[in-house]
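Every number in my numbering is 510 more than the matching position in the sequence shown, counting from 1.
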Amino acid sequence: MKCNDRIFGLLMLVLAVAYGWGATQFPVPFGGGEGIGPETFPTLLAVVLALSSLYLIVKPDPGSKWPPMRTGLELLIAVVVLIAYVLLLQPLGFIITTTLAVGTLCWRMGAAPIRAYVTGLIAGIVVYFLFTIGLDLSLPLGVLSVLEGS
């Protein structure tokens, strides 16, 4: 049924537009606009998602069908985890929130719980330092800000 891909493509197009609009809402950094600012990466993702969505709408897979109920449930869990990630990012901080999100998603994909959350912790720490030290971008520390030296 071609309708499935078109419905999914339309939903993803709506998401791309909302995400792209959200990317334009970031405040201009101190000192004026730069070539690469906080909105660059989210805008790029929104464009890629929009183009992919349009492809699904225009040229759907002729043999596509809805996923089984279990797969639909796993997709719903992933969406809930990502929404929780957005809501908890500021209060808990990047490292803890990333640990919980990546750990939960790895666990849902079949990894043992300890390995999944250790992977999440390593990912959170590595990405945090890549962004804060390597790219000089600030990410929220949340509850871990008590460890930050003054």
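The beta-carbon is built from N, C-alpha and C at its ideal position, and this holds for glycine as well.
Helix, strand or coil for residue i per DSSP?
i       : result
Leu-651 : coil
Phe-551 : helix
Leu-645 : coil
Arg-536 : According to the sequence shown, residue 536 is Phe rather than Arg. Three-state result, Phe-536: coil.
State buried or exposed for residue i, treating a residue as buried only when at least 16 other CB atoms are found within 10 Å of its CB.
i       : result
Glu-658 : exposed
Ala-626 : buried
Leu-640 : exposed
Asp-515 : buried
Ala-528 : exposed
Thr-607 : buried
Less than 8 Å separating the beta-carbons of residue i and residue j?
i       : j       : result
Val-653 : Leu-602 : yes
Gly-634 : Val-656 : no
Thr-550 : Gly-530 : no
Ala-526 : Ala-556 : yes
Gly-519 : Leu-566 : yes
Going by beta carbon distance, what residues of the same chain come within less than 6 Å of residue i, once the five residues before and after it are set aside?
i       : result
Pro-548 : Phe-536
Ordered along the chain, which non-local residues of its own chain (more than five positions away) have a Cβ less than 8 Å from that of residue i?
i       : result
Leu-592 : Ala-611
Note down, one range per segment and in chain order, each alpha helix (DSSP H) of at least 4 residues found wholly within the segment 553–635. Fully enclosed alpha helix (DSSP H) runs of 4 or longer: 579–602, 604–618.
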